[in-house]
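Numbering (my numbering), first residue to last: 36 to 116. Note that CB positions come from ideal geometry on N, CA and C, so glycine has one too. These numbers were taken from a predicted model, which means no experiment stands behind them.
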């Protein structure tokens, strides 16, 4: 993989992490609106779980992508020198 693709993957990983953090900040604003929906009011615990799981998986996936591609980038630079 060339350097530009690795850089693009690192940027994509950063965007995934930021999206995950955004989910965590958005949960307190969205949950009161979801509680007003009669169908979801009884399963609010499950809704909380799903939102937090989504945020956690976005952060975890983004972090894995960043570290894996950063490792490729640094090993590639040391091999070229």
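Tell me which residues share the same chain as residue 86 and place their Cβ nearer than 6 Å to its Cβ, disregarding the 5 neighbours each side in the sequence.
62
Is the stretch 41-54 in contact with the stretch 91-98, if contact means three or more CB pairs nearer than 8 Å?
yes
Please check the pair residue 97 and residue 57, which I expect to be a contact at CB under 8 Å, by giving their CB distance rounded to whole angstroms.
With 8 Å as the limit, residue 97 and residue 57 do not qualify as a contact, their Cβ atoms being about 12 Å apart.
What span of residues does the alpha helix (DSSP H) with residue 110 cover, start to end?
79-115
Using C-beta distances below 7 Å, list every residue in its chain close to residue 100, excluding the 5 sequence neighbours before and after it, in chain order.
44, 47, 48 and 51
On the CB-based measure, 16 or more other CB atoms within 10 Å of its CB, does residue 115 come out buried or exposed?
exposed
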